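*Asks:* Okay, here's the structure, questions in a sec.
Number of protein chains: 2
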Amino acid sequence: MEHIGEFDLIEKLTSLIDIKDSSVVVGFGDDCACVNINGKLILFSSDIQIEGSHFLKEKISPEDLGWKLISVNVSDIVACGGLPKWSLISIAFPKETEISFLEDVYKGIKKALDFYSFSLIGGNTAKANQIVFDLFITGETKRFVPRSGGKEGDILFLTGHTGLSRAGLELLLMEKKEYEDWEKQLISFHTKPTARIDFQPVVERFANCCIDVSDGLAGDLGHIEKQSKVKIILEKENLPVHPLLEKFCKKYKKDPYEYILFGGEDYQLVFSISKEKAKEIKNAYPIGYLEKGKGLFLKEKKNIYPIFPKGFQHI
Amino acid sequence: MEHIGEFDLIEKLTSLIDIKDSSVVVGFGDDCACVNINGKLILFSSDIQIEGSHFLKEKISPEDLGWKLISVNVSDIVACGGLPKWSLISIAFPKETEISFLEDVYKGIKKALDFYSFSLIGGNTAKANQIVFDLFITGETKRFVPRSGGKEGDILFLTGHTGLSRAGLELLLMEKKEYEDWEKQLISFHTKPTARIDFQPVVERFANCCIDVSDGLAGDLGHIEKQSKVKIILEKENLPVHPLLEKFCKKYKKDPYEYILFGGEDYQLVFSISKEKAKEIKNAYPIGYLEKGKGLFLKEKKNIYPIFPKGFQHI
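Residue numbers (this note's numbering), protein chains in the order written: chain A, 167 to 481; chain B, 167 to 481.
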């Protein structure tokens, strides 16, 4: 398996499955699938979180884990222009798992459900060697916003800072005896991300294409570039650099753009909008634009360099 | 965790979550959750299958595994009176897993999707120590048939033989060098069960309550008894005994009723129907009736014994 990535595998396997159902608006290959039920566009998505791959039990509080599980799934719904509606959870765990741990995960889940205003309505549990959480989430949108809708001339917007989660993860993995306050803040970007549900009305109304930044800005823009069949130019001076990331990179002698472009799990949204509508957008960073052609490029003053999206590996 | 069963745990954890959404017709505690979307009753269910807990990789062909994954999920939809519509799959596996294995699982999935006539429209993959398949399935019904709808005077029907899957599993675990043809047949009841989608119209139209027999007839009737608040009388002479199970029990000196009552994973349906409508039912076995009171009982000639549902442990 080592020579084949997650995305290649999904493509290979799903090529075996054909969808004949005309109520399916969108199948594989986007953040959500979408079906038409009596005129309503209903979104479906799922995201599995596995101990050791997606989280380390001793490095995240159970409440944060529950919060994060819900947030990463809400993020997929919002990226397609939707609001979350109903969800189901599958949990599997070794038999020595403490009940108090699972209760605390559920407390985090409950907080997140309240925050994002939707319901958990079902689930099942099983035994496993590792802790596994798989959330199935549904949503609703008036307009499905695909990865493939980007158009030449569109302006590209980013809803917030990227790279913070990866810096936070690296700090966590340093296993320092004590963390300074600003380091703890960075860590919390990794352990307690918030899906940008506040941007859902904007995405639903205006965006031509949208994706959430889960695998790294470059990696996720790679999907937009491929599926929208456009060339993407990022303007380096417009990429927001968070002061805490600057501080981190100075201290540990790192390049912040390595984090901004390739760090995963920030759960910001990146979307494109026609030039005319771009003035409607507030509080998001215009980080570049789409052109005819293909490839992902970084523009620095007058120079333009290609960026090669690296697949993000969790932990 | 050893002192608490799966069902207790789900109850304990879900008691923390309250559902405020008025479009939710049924939440936790049945084979499916159900929501009302613009007048359509949409069913949701999920079932996780984990290597070592639900299947042994060397004991089931990958194609059968794919078939079974779909079938056990369809069974939950049918048990609520619905037909399957759309599904999503989460798969996780160790990195040394052969691609050909996963491809063969997908072939089984595809065969089952074609057989049951519905679509797989999304999914995600991840790394894990064990192979994990989690299917999320949706369905549609004109009338939600709950576990809680059983009424005094109802006749209880069973759609087919139970106990075969457990006998098949025991044969598999004997690791015999060679199996006789009739033993292979029993094994295939375990490795390739078929959901009783043929009974969906009957359940949707007539059943007061229904459940699929995944955890054993007694165990699953325990849910009906509890949730319908009725007493259930099973008539021993009406419980169907499959000739292959008889043969197995004779050879291995076992009591067939131990298998019929407590063997899991048969994926037959058991449902109750009012006396008046019971004459409409063809091809199902009338195995007993519901009375005022509580508890599950086995009637043998003039004697009545209580049955204590044992929780079924997978493998």
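A virtual CB, placed ideally from N, CA and C, is assigned to each residue, including glycine.
These numbers were taken from a predicted model, which means no experiment stands behind them.
Hey, could you find the ends of the beta strand (DSSP E) V192/A is sitting in?
*Replies:* Residue mapping note: residue 192/A aligns to position 26 of the first sequence, counting from 1. Note, V192/A: beta strand (DSSP E), 190-192.
*Asks:* So Q215/B is in the beta strand (DSSP E); what residue range does that whole segment cover?
*Replies:* Counted from its first residue, the second sequence places residue 215/B at position 49. Residues 206-216.
*Asks:* Our contact map puts E306/A next to I208/A with C-beta atoms below 8 Å; I'd like the distance itself, whole angstroms only.
*Replies:* Numbered from its first residue, the first sequence carries residue 306/A at position 140. Numbered from its first residue, the first sequence carries residue 208/A at position 42. That pair is a contact at about 6 Å.
*Asks:* With 9 Å as the threshold, decide whether the Cβ of V190/A is near any Cβ in chain B.
*Replies:* Counting from 1 along the first sequence, the entry for residue 190/A is found at position 24. Yes, its Cβ sits closer than 9 Å to a Cβ of chain B.
*Asks:* Would you mind stating whether L405/B and I426/B have Cβ atoms separated by less than 9 Å?
*Replies:* If you number the second sequence from 1, residue 405/B lands on position 239. If you number the second sequence from 1, residue 426/B lands on position 260. Contact: yes.
*Asks:* For the beta strand (DSSP E) containing I399/B, name the first residue and the last one.
*Replies:* Within the second sequence, the letter at position 233 stands for residue 399/B. Residues 397-401.
*Asks:* Sorted by chain position, which residues of the same chain lie with C-beta nearer than 8 Å to H408/A's C-beta, five sequence neighbours on each side aside?
*Replies:* Counting from one through the first sequence, the residue named residue 408/A turns up at place 242. Once the five neighbours on either side are set aside, the close Cβ partners of H408/A are H327, G329, L330.
*Asks:* Report the neighbours of L231/A on chain B: residues whose CB is nearer than 9 Å to its CB, in chain order.
*Replies:* Looking up residue 231/A in the first sequence gives position 65. Neighbourhood of L231/A in chain B, by CB distance below 9 Å: empty, with the nearest CB roughly 14 Å away.
*Asks:* For L470/B, count neighbouring Cβ atoms within 10 angstroms of its own Cβ and tell me buried if that reaches 16, exposed if not.
*Replies:* The residue labelled residue 470/B in the question sits at position 304 within the second sequence. Residue identity differs from the one stated: residue 470/B is Ile in this sequence, not Leu. It is exposed - the Cβ of I470/B has fewer than 16 other Cβ atoms within 10 Å.
*Asks:* Helix, strand or coil: how does DSSP classify S253/A here?
*Replies:* As a first step, residue 253/A must be located in the first sequence, where it is residue number 87. In the structure shown, S253/A sits in a strand (DSSP, three-state: E or B).
*Asks:* Can you tell me which of K273/B, D270/B, D300/B, A292/B puts its alpha carbon nearest to the alpha carbon of D213/B?
*Replies:* Against the second sequence, residue 213/B aligns to sequence position 47. D213/B has its Cα closest to that of D300/B, out of K273/B, D270/B, D300/B, A292/B.
*Asks:* Does the CB of A199/B have a neighbour CB from chain A at under 9 Å?
*Replies:* Here the question's residue 199/B lines up with position 33 in the second sequence. Interface residue, yes.
*Asks:* Less than 9 Å between the C-beta atoms of L286/B and T180/A, yes or no?
*Replies:* For this step, residue 286/B is matched to residue 120 along the second sequence. For this step, residue 180/A is matched to residue 14 along the first sequence. Yes, the Cβ-Cβ distance between L286/B and T180/A is below 9 Å.
*Asks:* In the DSSP assignment, the beta strand (DSSP E) including I287/A goes from what residue to what residue?
*Replies:* Taking the first residue of the first sequence as position 1, residue 287/A is located at position 121. Membership of I287/A in the beta strand (DSSP E) is indicated by the continuous run 285-293.
*Asks:* Measure the C-alpha to C-alpha separation of I185/A and P359/B and round it to an integer number of angstroms.
*Replies:* Working through the first sequence from its first residue, we reach residue 185/A at position 19. Working through the second sequence from its first residue, we reach residue 359/B at position 193. The alpha-carbon atoms of I185/A and P359/B are separated by roughly 24 Å.
*Asks:* Rounding to the nearest angstrom, what Cα-Cα distance links K443/A and Y282/A in this structure?
*Replies:* The residue given as residue 443/A occupies position 277 in the first sequence. The residue given as residue 282/A occupies position 116 in the first sequence. Distance between the alpha carbons of K443/A and Y282/A is about 27 Å.
*Asks:* Note down the Cα distance separating F194/B from Q434/A, rounded to an integer number of angstroms.
*Replies:* Position 28 of the second sequence holds residue 194/B. Position 268 of the first sequence holds residue 434/A. Cα-Cα distance, rounded: 32 Å.
*Asks:* What would DSSP say about V201/B, mapped onto helix, strand or coil?
*Replies:* For the purposes of this step, residue 201/B is taken as residue 35 along the second sequence, with counting starting at 1. Collapsing the DSSP output to three states places V201/B in a strand.
*Asks:* Between K460/A and E391/A, how many whole angstroms is the CB-CB distance? I'm expecting something under 8 Å.
*Replies:* Working through the first sequence from its first residue, we reach residue 460/A at position 294. Working through the first sequence from its first residue, we reach residue 391/A at position 225. The pair is a contact, with the Cβ atoms about 6 Å apart (cut-off 8 Å).
*Asks:* Which whole-angstrom value describes the C-beta separation of D230/A and G289/A, a residue pair presumed to lie in contact below a C-beta threshold of 8 Å?
*Replies:* Against the first sequence, residue 230/A aligns to sequence position 64. Against the first sequence, residue 289/A aligns to sequence position 123. Not confirmed; about 20 Å, so no contact.
*Asks:* Are the beta-carbon atoms belonging to K397/B and E457/B less than 9 Å from one another?
*Replies:* Here residue 397/B refers to the residue found at position 231 when the second sequence is read from its first residue. Here residue 457/B refers to the residue found at position 291 when the second sequence is read from its first residue. If you check the CB distance, K397/B and E457/B come in under 9 Å.
*Asks:* Short of 8 Å Cβ to Cβ, which residues in the stretch 264-296 of chain B face chain A?
*Replies:* Near chain A, meaning a CB-to-CB distance below 8 Å, the residues of the stretch 264-296 of chain B are E264, I265, L268, E269, Y272, K273, I275, K276, L279, F284, S285, L286, I287, G288, G289, N290, T291, A292, K293, A294, N295, Q296.
*Asks:* Spell out whether any CB of chain B is found under 9 Å from the CB atom of T304/A.
*Replies:* Within the first sequence, the letter at position 138 stands for residue 304/A. Yes, because at least one Cβ of chain B sits closer than 9 Å to the Cβ of T304/A.
*Asks:* Which full runs of the alpha helix (DSSP H) of 4+ residues lie inside the stretch 352-381 of chain A, going along the chain?
*Replies:* 366-372
*Asks:* What separation, rounded to the nearest whole angstrom, lies between the Cα atoms of P472/B and I226/B?
*Replies:* One-based indexing of the second sequence puts residue 472/B at position 306. One-based indexing of the second sequence puts residue 226/B at position 60. Counting only the Cα atoms, I226/B lies some 36 Å from P472/B.
*Asks:* Can you grab the Cα-Cα spacing for the pair V368/B / F355/B, in whole Å?
*Replies:* Position 202 of the second sequence, counting from 1, holds the residue named residue 368/B. Position 189 of the second sequence, counting from 1, holds the residue named residue 355/B. Their backbone Cα atoms lie some 23 Å apart in a straight line.
*Asks:* Could you pull out every unbroken beta strand (DSSP E) segment of at least 3 residues lying fully inside the stretch 222-274 of chain B, listed in chain order?
*Replies:* 249-259
*Asks:* Taking the continuous alpha helix (DSSP H) assigned at E424/B, which residues delimit it?
*Replies:* Indexing the second sequence from 1 puts residue 424/B at position 258. Residues 422-428.
*Asks:* For the beta strand (DSSP E) holding D300/B, just list the boundary residues, first then last.
*Replies:* On the second sequence, residue 300/B is found 134 positions in, with the first residue counted as 1. It spans 298-307 - the beta strand (DSSP E) in which D300/B sits, taken as one unbroken run.
*Asks:* Which of the residues in the stretch 235-264 of chain B, read from start to end, lie with their CB under 7 Å from any CB of chain A?
*Replies:* W252, L254, S256, A258, K261, E262, T263
*Asks:* Buried or exposed: where does G385/A fall if 16 or more other Cβ atoms within 10 Å of its Cβ makes it buried?
*Replies:* What you label residue 385/A is simply residue 219 of the first sequence in a count that begins at 1. The residue is buried, with at least 16 neighbouring Cβ atoms inside 10 Å.
*Asks:* I want to see whether chain B comes within less than 9 Å of V298/A, judged by CB atoms only; does it?
*Replies:* Reading the first sequence from its first residue, position 132 is the one you call residue 298/A. A Cβ of chain B is located within less than 9 Å of the beta carbon of V298/A.
*Asks:* Using the beta-carbon of each residue, which ones in chain A are nearer than 7 Å to D213/B?
*Replies:* To locate residue 213/B, count along the second sequence from 1; it is residue 47. Simply N290.
*Asks:* Once you ignore the five residues that flank L411/B on each side, which residues in its own chain have a CB closer than 8 Å to its CB?
*Replies:* Working through the second sequence from its first residue, we reach residue 411/B at position 245. Excluding positions up to five away in sequence, the list reads H327, G329, L330, A333, L352, P422, Y425, I426.
*Asks:* Can you give me, in chain order, the residues of the stretch 339-369 of chain B that have a beta carbon less than 9 Å from any beta carbon in chain D?
*Replies:* Here chain D cannot be found, since the structure's protein chains are A and B.
*Asks:* When you compare each of V238/B, E349/B, T304/B, Q393/B to A278/B by their alpha carbons, which one comes out closest?
*Replies:* By one-based count along the second sequence, residue 278/B stands at place 112. The candidate whose alpha carbon is nearest that of A278/B is V238/B.
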